[in-house]
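J.: Okay, so the sequence shown: first residue is 258 according to this note's numbering, each after it adds one.
From the three backbone atoms N, C-alpha and C, an ideal C-beta is built for every residue, glycine too.
Got a structure for you, written out below as structure tokens; questions coming shortly.
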Amino acid sequence: MKIKLKILLLTILVTQVLVAQQSRLDALGGLSYSIVDIDSQIDPYILGGNPAWLVNSQLNTRLEIDPQYRNSSGDYHRFYESGDIHNIDVGFMGIKPLGNSGTFRGYASYQYEIQKDRNRILTLAPYSGDAFFFTDTTSGDYRYSGPTFEFMHSLEVFNNLYLGASVNYQILDGLKKAYTFAETLYRNVTGNIGIAYRFSNNLSLAVNYQIYDSQEKILANDVNNTDVQTFLYRGDSYKIELRGSSQDYKLKKFGNAFSFQTQIIPSENIIVGINAKYNLHNSSSLFKIGSIIDSEDGYTSFDETNIILQARWIQSSAFTFGFTAGYTGNNSWSRNSKRDLTIWDLGVNDIFSGVGLTYSNVNNSLLVGAEYELHSILADSLKYIDNKFSETSAFNHVARIGVETTLDEMFTVRVGYNFLYKEHDFIFGGDNVTTHFITLAGKIKVSDALEIEPRIEYATTSLSENNLYKNNFGIYTTFRFYKF
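Below is the structure:
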């Protein structure tokens, strides 16, 4: 029998610099490599997050305002997660070409999130690959709120040589509204610098370097100034108890990532892009000794390799074919720093490929697209401290369908559908998991300078053998201005 693995795919451990702004693609079920769109271009900026290529990728001025509401509910979740999460977010994204001075991109957002009745855990993301869990003894509601800012600039410094850089800053305040009334201050800073060179109209190469630094500080106090009881779990079973009127805990993370991109255009209607990325990062679990000294209790090291290829063939004005393939390999190990003992080794490898096709009629009033991907995933977990050893493999399937129809010059309707079947869910641990995801959206062209794109999303995930479920619901609106 397969042992359930409490694994979060490590590709989402590090906050990405680029915040997705792709309302049309999202409305069409997430179609990407098989559809021609400003946000699905196969280039170093879209495919690899390289800021140097921004000046070539985004040629038009636009300002997008994106208010959104999301809710996740159900009993198919992990032990330390909430079964009812509400998130309200508003984002502002602007792109401004500056002529010979390059192109500027700015982004800002504010997030407010309530996690209802979350079980014991006091850290923001307990399943981020570490083997350490900081908890108290009760369940309670958790509130997180705070802003995110990003600034990016790209320009051509010499003929066909491009430079770009960006900085991203996020800060969140958290509060548990029960027992320890733990206060969280989360801060994340990301820098990204890139260079690209266009050798010819048919070949471009680019590289970029990213650095990440985050810190989560948690202060747990009893409101009556009496002792509070907290625990630091090492693995699933073993823990140390901490008592005192004030508990001070830190989780620090630092990482570097190197990426390489290439864009090849062998003919006028074929484009191929490759992105290869290596990411090395770590996290440290720290407790304060005295008033100023932090003592490291646990340490986790991560390394990630990600390679993705995308190709698009515009066969005619009616048909566009897409192809993707790639590999993601994640490895990590955790140790008890004070005794220098390894307590967990984890490896996750994903090999995938996919194909897609979109069709547009003569006057482009109807578009129909579909994509299918197959993922072969292998996970090897050696949790020495809990005496749990497992190796699990699975074939997971993803199918996407999108339909867009233009009713007149003002109104466009979009519908998207996804079907996911997982022999094994490597995030939540279930077998034979199915997800149905549907989007209903539209576009209202108010004028040449303003478009409004509302969207509703609903997804249901079920684990039939255990009668578990998870539902996700979202309401989104994009206000897009082409002059500002």
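Is DSSP giving Y337 helix, strand or coil here?
T.: Residue 337 sits at position 80 when you count from the first residue of the sequence shown. If DSSP states are grouped into helix, strand and coil, Y337 belongs with coil.
J.: Ordered along the chain, which non-local residues of its own chain (more than five positions away) have a Cβ less than 6 angstroms from that of W570?
T.: Looking up residue 570 in the sequence shown gives position 313. The answer, listed in chain order, is I527, F578.
J.: Should the segment 426-439 be regarded as contacting the segment 474-489, the criterion being three or more beta carbon pairs within less than 8 angstroms?
T.: Yes: at least three Cβ pairs fall under 8 angstroms.
J.: For D637, which of Y616, L603, N416, A698 has the nearest alpha-carbon?
T.: One-based indexing of the sequence shown puts residue 637 at position 380. Ranking the options by Cα distance to D637, first place goes to L603.
J.: Which term fits D665, buried or exposed, when burial requires 16 or more other beta carbons within 10 angstroms of its beta carbon?
T.: Here residue 665 refers to the residue found at position 408 of the sequence shown. Counting Cβ neighbours within 10 Å, D665 comes out exposed, since fewer than 16 surround it.
J.: Between E606 and F488, what straight-line distance do the alpha-carbon atoms span, to the nearest angstrom?
T.: Counting from one through the sequence shown, the residue named residue 606 turns up at place 349. Counting from one through the sequence shown, the residue named residue 488 turns up at place 231. Note that residue 606 is Asn in the sequence shown here, rather than Glu. So the two alpha carbons sit approximately 32 angstroms from each other.
J.: Does the CB of K640 have a neighbour CB from chain E at under 8 angstroms?
T.: Annotation note: the requested chain E is absent from the structure, which comprises a single protein chain.
J.: My output table needs one value for L262: the three-state DSSP class, helix, strand or coil.
T.: One-based indexing of the sequence shown puts residue 262 at position 5. Its pLDDT being 38, under 50, L262 is placed unreliably by the model, and the measurement read from it follows with that caveat. L262: coil per DSSP, three-state reduction.
J.: Which residues in the same chain as Q325 place their Cβ atom closer than 6 angstroms to its Cβ, once the five residues preceding and following it in sequence are excluded?
T.: Numbered from its first residue, the sequence shown carries residue 325 at position 68. Only D346, Y733 meet the Cβ criterion.
J.: I'd like to know if the segment 386-402 and the segment 608-625 are in contact, where contact means that at least 3 CB-CB pairs between them fall below 8 angstroms.
T.: Too few Cβ pairs lie closer than 8 angstroms, so no.
J.: I'd like the span of the beta strand (DSSP E) that includes V414, first residue to last.
T.: Here residue 414 is taken as the residue at index 157 of the sequence shown, counted from 1. That run of the beta strand (DSSP E) goes 389-415.
J.: By how many angstroms is the C-alpha of W601 removed from the C-alpha of G555?
T.: For this step, residue 555 is matched to residue 298 along the sequence shown. For this step, residue 601 is matched to residue 344 along the sequence shown. The straight-line gap from Cα to Cα measures roughly 11 angstroms.
J.: Can you give me the C-alpha to C-alpha distance between L412 and P308, rounded to a whole angstrom?
T.: One-based indexing of the sequence shown puts residue 412 at position 155. One-based indexing of the sequence shown puts residue 308 at position 51. Taking the straight line from one Cα to the other gives about 9 angstroms.
J.: From this set, Y369, S622, S494, I642, which residue's C-alpha is nearest V660's C-alpha?
T.: Here residue 660 refers to the residue found at position 403 of the sequence shown. Here the closest residue by C-alpha is S622.
J.: For F741, which residues in the same chain have their Cβ closer than 6 angstroms to its Cβ, ignoring the five residues on either side in sequence?
T.: Within the sequence shown, residue 741 is the residue found at index 484, counting from 1. Only L320 meet the Cβ criterion.
J.: Check whether the Cβ atoms of F683 and R335 lie closer than 8 angstroms to each other.
T.: Reading the sequence shown from its first residue, position 426 is the one you call residue 683. Reading the sequence shown from its first residue, position 78 is the one you call residue 335. For F683 and R335, no; Cβs fall outside 8 angstroms.
J.: Here's a check: name, in chain order, each residue in its chain whose Cβ is nearer than 6 angstroms to the Cβ of V690, leaving out the five neighbours to either side.
T.: As a working note, residue 690 is residue 433 in the sequence shown. K679, D682, L720, listed in sequence order.
J.: Can you list, in chain order, the residues of its chain whose CB lies under 8 angstroms from that of I709, leaving out five sequence neighbours each side?
T.: Against the sequence shown, residue 709 aligns to sequence position 452. Result list for I709: K700, I701, V703, T734, T735, F736, R737, in chain order.
J.: Going straight from the alpha carbon of I468 to that of T447, what length do you get?
T.: Locating residue 468 in the sequence shown gives position 211, counting from the first residue. Locating residue 447 in the sequence shown gives position 190, counting from the first residue. Computed Cα separation, rounded: 6 angstroms.
J.: Rank F580, Q572, L537 by C-alpha distance to the C-alpha of T562 and give the top, closest one.
T.: Here residue 562 corresponds to residue number 305 of the sequence shown, with the count starting at 1. The candidate whose alpha carbon is nearest that of T562 is L537.
J.: Excluding sequence positions up to five away, which residues of its chain have a Cβ less than 6 angstroms from the Cβ of S329?
T.: The residue given as residue 329 occupies position 72 in the sequence shown. Same-chain partners within the cutoff: I342, N729.
J.: Kindly indicate which residue of A422, L639, E722, A533 has the alpha-carbon position closest to the one of F361.
T.: The residue given as residue 361 occupies position 104 in the sequence shown. Measuring from the Cα of F361, the nearest candidate turns out to be A422.
J.: Please classify V485: is it buried, with 16 or more other beta-carbons within 10 angstroms of its beta-carbon, or exposed?
T.: Taking the sequence shown and counting its residues from 1, the one referred to as residue 485 is at position 228. With 16 or more Cβ atoms within 10 Å of its Cβ, V485 is classed as buried.
J.: Hey, N376 and S358: beta-carbon distance below 8 angstroms or not?
T.: As a working note, residue 376 is residue 119 in the sequence shown. As a working note, residue 358 is residue 101 in the sequence shown. Going by C-beta atoms, N376 is not nearer than 8 angstroms to S358.
J.: Starting from the C-beta of Q298, find all residues in its chain whose C-beta is less than 7 angstroms away, skip the five residues before and the five after it, and write them out in chain order.
T.: Numbered from its first residue, the sequence shown carries residue 298 at position 41. Hits under 7 angstroms: S314.
J.: Evaluate P404 with the Cβ neighbour count: other Cβ atoms within 10 Å of its Cβ, from every protein chain shown; 16 or more gives buried, anything less gives exposed.
T.: Here residue 404 is taken as the residue at index 147 of the sequence shown, counted from 1. P404 is exposed by the Cβ-count criterion.
J.: Compute the beta-carbon to beta-carbon distance between Y495 and I642, rounded to the nearest angstrom, for a pair I have assumed lies under 8 angstroms.
T.: As a first step, residue 495 must be located in the sequence shown, where it is residue number 238. As a first step, residue 642 must be located in the sequence shown, where it is residue number 385. Their Cβ separation, rounded to whole angstroms, is 6 angstroms, which keeps Y495 and I642 in contact under 8 angstroms.
J.: From which residue to which residue does the alpha helix (DSSP H) around N313 run?
T.: Residue numbering aside, residue 313 sits at position 56 when the sequence shown is read from its first letter. 311-314 is the span of the alpha helix (DSSP H), which, as asked, contains N313.
J.: Whose C-beta lies closer than 8 angstroms to the C-beta of N513 among residues of the same chain, with five residues either side of it excluded?
T.: Residue numbering aside, residue 513 sits at position 256 when the sequence shown is read from its first letter. Counting only Cβ-Cβ distances below 8 angstroms, and skipping sequence neighbours, we find Y466, Q467, I468, Y469, N536, L537, H538.
J.: Looking at the structure shown, is A636 part of a helix, part of a strand, or coil, going by DSSP?
T.: Residue mapping note: residue 636 aligns to position 379 of the sequence shown, counting from 1. Looking at A636 - three-state DSSP - the assignment turns out to be strand.
J.: For A365, which beta-bridge partners are listed by DSSP?
T.: Here residue 365 is taken as the residue at index 108 of the sequence shown, counted from 1. BP columns for A365 point to F349, F406.
J.: Among the residues of its own chain, which have a CB less than 8 angstroms from the CB of Y629, if the five just before and after it don't count?
T.: Translated into positions along the sequence shown, residue 629 becomes position 372. Excluding residues within five positions, the ones whose Cβ falls inside 8 angstroms are G611, V612, G613, H654, V655, A656, R657.
J.: Determine, using beta carbons only, whether G287 and N675 come nearer to each other than 8 angstroms.
T.: In the sequence shown, residue 287 corresponds to position 30, counting from 1. In the sequence shown, residue 675 corresponds to position 418, counting from 1. Cβ atoms of G287 and N675: closer than 8 angstroms.
J.: With distance defined between alpha-carbon atoms, name the residue in I428, S558, N459 nearest to N445.
T.: Here residue 445 refers to the residue found at position 188 of the sequence shown. Measuring from the Cα of N445, the nearest candidate turns out to be I428.
J.: Could you check the C-alpha separation between I260 and N416 for me, to the nearest Å?
T.: Counted from its first residue, the sequence shown places residue 260 at position 3. Counted from its first residue, the sequence shown places residue 416 at position 159. At I260 the pLDDT is 37, less than 50, meaning the model places this residue with poor confidence; the figure from the coordinates comes in the next sentence. Spanning the two alpha carbons is a distance of roughly 57 angstroms.
J.: Return the CA-CA distance between P523 and A533, expressed in angstroms with no decimal places.
T.: Counting from 1 along the sequence shown, the entry for residue 523 is found at position 266. Counting from 1 along the sequence shown, the entry for residue 533 is found at position 276. Between P523 and A533, the C-alpha separation is close to 20 angstroms.
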